[in-house]
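Here is the structure we will look at, set down as structure tokens.
2 protein chains.
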Amino acid sequence: MTATESPESKCDVLIVGAGPAGLMTAAWMARCGIKTRIVDKRGTKIFTGQADGLQCRSLEIFDSFGFADRAWKEANHMLEICMWNPGPDGSIRRSDRVPDTPPSISRFTECVLHQGRIERFFLDHMKEHSDIEVERGVLPVSLDVDEAQVDDEDAYPITVKLRHLTDEEAMPEQAKQLGATNGDGLYRSNLSPDDTDDLIRANREKGGTEEVLKAKYMVGCDGAHSWTRRQLGFEMQGEATDFIWGVLDIIPITDFPDIRQRCVIHSADQGTLMVIPRERGLVRLYIQLNEIKPDAASGRADRSKITPDVIFKAAQKIIAPYQLRYNYCDWWTAYQIGQRVSPTFSLHDRIFLAGDAVHTHSPKAGQGMNVSMQDGYNLGWKLALTVQKRSSTRTALLSTYTPERRAIANELIAFDHQFSKLFTGRPARDIADKEGVSMAALRAAFDKNALFTSGLSVTYAPSNLVHVRADAAPADVAPPESPHANHPPPKLIPPAPRSPLATRLPLGTRIPGFKVVNQASALPLSLHALLPSTGAFRVLLFAGDVTESAQAARVQSFCAYLTSSPSPSSSFLRTHTPPSIPLNTAASPLQLLTIHSAPRESVELLRDFPAVLHPFDEERGWDYDKVWADVPSYHEGWDRAYEGLGIDRESGAVVVVRPDQYVAWVGSVDMTAELERFFAGVLRAW
Amino acid sequence: MTATESPESKCDVLIVGAGPAGLMTAAWMARCGIKTRIVDKRGTKIFTGQADGLQCRSLEIFDSFGFADRAWKEANHMLEICMWNPGPDGSIRRSDRVPDTPPSISRFTECVLHQGRIERFFLDHMKEHSDIEVERGVLPVSLDVDEAQVDDEDAYPITVKLRHLTDEEAMPEQAKQLGATNGDGLYRSNLSPDDTDDLIRANREKGGTEEVLKAKYMVGCDGAHSWTRRQLGFEMQGEATDFIWGVLDIIPITDFPDIRQRCVIHSADQGTLMVIPRERGLVRLYIQLNEIKPDAASGRADRSKITPDVIFKAAQKIIAPYQLRYNYCDWWTAYQIGQRVSPTFSLHDRIFLAGDAVHTHSPKAGQGMNVSMQDGYNLGWKLALTVQKRSSTRTALLSTYTPERRAIANELIAFDHQFSKLFTGRPARDIADKEGVSMAALRAAFDKNALFTSGLSVTYAPSNLVHVRADAAPADVAPPESPHANHPPPKLIPPAPRSPLATRLPLGTRIPGFKVVNQASALPLSLHALLPSTGAFRVLLFAGDVTESAQAARVQSFCAYLTSSPSPSSSFLRTHTPPSIPLNTAASPLQLLTIHSAPRESVELLRDFPAVLHPFDEERGWDYDKVWADVPSYHEGWDRAYEGLGIDRESGAVVVVRPDQYVAWVGSVDMTAELERFFAGVLRAW
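Protein chains in written order, with the working numbering: chain A, 125 to 810; chain B, 125 to 810.
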């Protein structure tokens, strides 16, 4: 076929770029059965280098898709951060040890695994759940949006021309030896110019094939040089600094004692080195390159001066008097520190941008891949429910994407700006040295940012998806202390409004994964295991102590309401479950989970809990996986979920959790009218 | 090729039968690189039914091969046992709840997974580590042993003729619909005659192909009707009872409240039902068939009278007044209770028998597959080290197989005899009813046998592989209480001799998997994760508090001895490591692991621990995975391994662990002469 023939095809969602943000979006599409294309200009996925840090929250998300165990098994777990700074003699010495991840905030801790493996898990997951496959060596070359059609939910207002590259074009020389000691480590660095336009031009000249694709929605996950963003005309805002850092992935041979710890080494006058221990004996070194400065006119560094040897020699000077050498280098690169963010992340709620396409910053805190994936995680279910026509209106869910994620991008940029300055600054010689960075300041920054870097401080502001009642405690009032040692202290709970019915559960944050015990089988499981990423909203009925007759009556009455007959008096559960789907089943967009606080042996599933809470199926019998107890387990202790969330053990509460595990609504079993209103704003009535 | 042509081939080990015992043996061969053939007369692995219970110890073993996580993820976890018996009105009612697995004895709890999945994990593991593949539709038809050659370690004294069946023969009609409601559930039951001879005869008549195989060693894992055992002329000893039980794997539809628990339901006069909840909503029911009795003359039941419907109706009567029905049956069978054991398990330490080939019993306590696998686990490494000529003599390791495993088989038979009687007996009407089984007696049997059924009570008697010094506390003296709540009480520690240097660590039992913290990275890991099944003996140096100078000197002196120059003064470590292999590396048959008790931040790996404990490699640098601390971890508490094992925190101890994780020797760092003698009795000097 020549380029003049342009077959036309259709899809619901087109994803441009198969990095972490694109793959995360595609994972949702795969789980929700959305007709999706995902294209990437590169001929292969990456095999070495690139991003590697995995935050707790990213692992929780992987777990919600069912593959956290693969990442957890292969990754290097980082437990401790060691700080090194100059001693009285000017030599570096260890000044502090702190836990890398604060205890008790997640089932997971930060860990490190090569981006290529993470992409592999996504690809396997997509294959398991759908026929969506990444089309490699394919890139968009033109984009048109028919504005007249953007409000029509059945329309395909987006027209994209896709060019199919030859294998040779999709796999340039640099990529073939990417990052190896003799390869070009700067290919994909922000020190290198973008090659997208060259690829398109070369392909046009050769007459490669072209295809016209009509799409309902499009997601640009095409990196810092985003072609999609350029078509939309969004300008990144922010600036670059003069600081250039090198990166080496090596198997180090050294007498430095903390080479298997995450370290920040601030030398007296040779700059800063960061150590990130990795899988397979590898260690990543981030090295400040004091001797290389960007050209004053162009703002860019001379790339020819940056080699693995230059980077390595800088590292040796910082880590002296310890010896450091290596025989094996897996990858290397260099980058210029800067922070930039796009003013908006979407056009007409039809075209969206995610990941590096809308925020760029320095990689040292291991945030980039995580925040990018979390963009895709925020967007994916909203897109899927909208395509499925389960959203109350076309934009009810989608319109929250930009405000929710741009706020996070802004926080990230601010964090990175502050953190990079502390990293790059010269260490203070003494207390009087006000221009230097004191170790105490660096330590304080680590402590303050521990929650941020875990990804667990993400708080979405009030909207139709995060309902804050007038009686909520404001964000600046700290949550109460928990009486139990295994619950996080208030400073590890994100500052956000909290309902008086769940005083330690901030609205707009992800619900913590406390362990609960299955009523029918005694199995202890994390609450998160009950909230897989399927696209369903969950109503968590904290039923309280149902052995108390007054409380039992309240729960019975709530359940009677839930199953009340069709309109005018039908419940939100009936209103928002399509008529063809039985209430509260796996196929339903709205599901119930019960967590009671009564002694498990004092209640019986079939006797004490109304049928709607554990529905009956003619083939499978009763559903035994929907009623749980906050009680001690035989082997895994007692997590005391009620206390941890600040919910009263007698009277309970109702918590609505979004498909992405974020808390959307907190109330009591009596507030049914308000629940109706909440769901009317997000899900379609049938 | 016709049957008259018989090509001759050679292998080190021939395994007959690819069930759990055979596959476990093959897993060792795969890990140790032994030239192995494994044949099975059946044309496929099984897909439904058969064994399903997985003990803690089996999961620990899977973990030592690296695939416990797959089993753990797919299995149904059994947490609680509910006992039901007749109330005053004669109706069944719940009388007791007990934990299925006693807390704190293992990282795992008992769980249930279909045998076919477990076989799949083994097959995948073999594929990952070797080119050993199960040859299906292949069975031995003749066996000769050249007795003149049995003592020659280079000889192939075993000659076996193997016949290769056609696909049609290897896959009989019954197998094709195995266990389905309309299929023959009794195919493979002990109520059915063996078909091996028919298969051979039919194949001979059709002129199938034949092969002559010479082997150094042979392992018969060919089931209760073992062809191999028959060739050796070993007669099973024991007897059958009149009791016949049926088995159904169904998705039950019921109002019985404990259908997702393990239950024993003793009805007043309709017999006993056992409930085993399984994966995918399935439940296995074991049902006493009171109305079917074996024929007095033949001792066999009339198989035509046993149908799924007959079995199910019996279950309904026992569980009444609760309702029970089903739409889906995955598998069914029936069996006659009996206990039999073979008088010996090997011939000339050249041919070995394992699994059902040497012990048969009733399946209800979920022991069969586990004990069979553990036979293979005990034998495999001994066989591999012998073939590799690492055993001190040809029979030094192999001669321990029969005594170690026959003792376990005898315990199993005794356990099953007692347990089956309690299960099958009529429940006592009241205290005066001496002929009935009291619920208290059944509960006591469950409590007493909890350790046995977990597989963790296995204790190998003193031998060259289990060294018991004169100063050991005898088996009948209970180990001391631990001051820490998370350590098992003395009744959950197997009764066996214990060294005064490790007062809670019985000799000949598997070492517990206490969590320790990596000195270099702060990673907490179970001790078991440091003892993978590679075939290596491990010397665990509990180095004590090395911040105390006297103790540090003792450890230095032990390490100086370890690396002392070649003979006459060379250490056991040098003597038993082949000269081509660096000391204490992954390839070595003898490895060191250090667990110290000093505060982790007070010691440095490179400064405080001699190099032999964390050897240097020119490509990989220092080994950071060999020195660990018994200290609190940031996220997973403090397991207090020293206290749990009864080792003094100041002065430590040395513990030798066999390749199968069983404790072989306990002493102090000063007892080097005794360590020499121990290793001289098991490993070859170079």
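Note that the Cβ used here is the ideal one computed from N, Cα and C, for glycine as well.
Whole-Å CB distance - residue i paired with residue j, under 8 Å assumed
i      : j      : result
A/L203 : A/T168 : About 33 Å separates the two Cβ atoms, so there is no contact after all.
B/R287 : B/V269 : Not confirmed; about 19 Å, so no contact.
B/T583 : B/A626 : Not quite, the Cβ-Cβ distance comes to about 15 Å (not below 8 Å), so this is no contact.
A/T718 : A/L665 : 5 Å
B/A660 : B/P603 : So it is not a contact: roughly 28 Å between Cβ atoms.
B/L356 : B/I475 : 7 Å
B/F570 : B/I205 : 6 Å
B/Q460 : B/I400 : The Cβ separation is near 20 Å, so there is no contact.
B/L631 : B/V592 : 5 Å
B/T699 : B/A809 : 5 Å
Contact list for residue i against chain A, beta-carbon separation under 8 Å
i      : result
B/E403 : In chain order: nothing, as chain A lies at least about 12 Å away.
B/P227 : Y758, H759
Residue i: contacting residues in chain A (beta-carbon distance under 7 Å)
i      : result
B/Y685 : Chain A residues near B/Y685: none, gap ~25 Å exceeds 7 Å.
B/R384 : A644, S645, Y748
Which residues DSSP lists as bridging residue i, in chain order
i      : result
A/F740 : A/W746
A/G190 : Looking at the DSSP assignment, A/G190 forms no beta bridge with any residue, so it has no partner.
B/P401 : B/V407
A/F547 : Answer is none; A/F547 lacks a bridge partner.
A/R808 : Note: A/R808 sits in no beta bridge, so no partner.
A/E132 : A/V336
A/M207 : A/D220, A/V388
B/V140 : B/V163, B/G344
A/A753 : A/V641, A/H720
B/T396 : B/H390
A/Q715 : A/R662
Contact set between residue i and chain B, taken where Cβ atoms lie within less than 8 Å
i      : result
A/L729 : P381
A/G668 : Correct list: empty, because the minimum Cβ distance to chain B is about 21 Å.
Beta-carbon neighbours of residue i, restricted to chain B and to distances below 9 Å
i      : result
A/P223 : A646, Y758, H759
A/G490 : Going along chain B, no residue has its Cβ under 9 Å from A/G490, so there is no contact; the nearest lies around 17 Å.
Partner residues on chain A for residue i, Cβ-Cβ distance less than 9 Å
i      : result
B/E184 : Going along chain A, no residue has its Cβ under 9 Å from B/E184, so there is no contact; the nearest lies around 15 Å.
Partners in chain B for residue i, counting only beta-carbon separations shorter than 7 Å
i      : result
A/R744 : I375, G405
A/E725 : R221
(message) Which runs of the alpha helix (DSSP H) at least 4 residues long sit entirely within the stretch 225-312 of chain B? Give them in chain order.
(response) 239-253, 291-294, 297-300
(request) Pull out every residue of the stretch 641-657 of chain A whose Cβ sits closer than 7 Å to any Cβ of chain B, in chain order. (result) A644, S645, A646, L647
(request) Scan the stretch 230-252 of chain A for residues whose Cβ lies nearer than 8 Å to a Cβ of chain B and list them as they occur along the chain. (result) T233
(request) Can you check the stretch 437-525 of chain B for any alpha helix (DSSP H) of at least 4 residues that lies completely inside it and give the ranges in chain order? (result) 492-511
(message) Residues of the stretch 186-206 of chain A in Cβ contact with chain B at a cutoff of 7 Å, in chain order, please.
(response) D193, K197, H201, L203, E204
(request) For the stretch 335-358 of chain A, enumerate the residues whose C-beta is nearer than 8 Å to any C-beta of chain B, in chain order. (result) none
(request) Pick out the complete beta strand (DSSP E) segments inside the stretch 342-386 of chain B, 3 residues or longer, and give them in chain order. (result) 361-378
(message) Along the stretch 366-378 of chain B, where does the CB come closer than 9 Å to a CB of chain A? Name the residues.
(response) I375, P376, I377, T378
(request) Report the residues of the stretch 448-460 of chain B with a CB closer than 8 Å to any CB of chain A, ordered along the chain. (result) N451, Y452
(request) For the stretch 393-424 of chain B, enumerate the residues whose C-beta is nearer than 8 Å to any C-beta of chain A, in chain order. (result) P401, G405
(message) Runs of 4 residues minimum, wholly inside the stretch 574-638 of chain A: which ones carry the alpha helix (DSSP H) assignment?
(response) none
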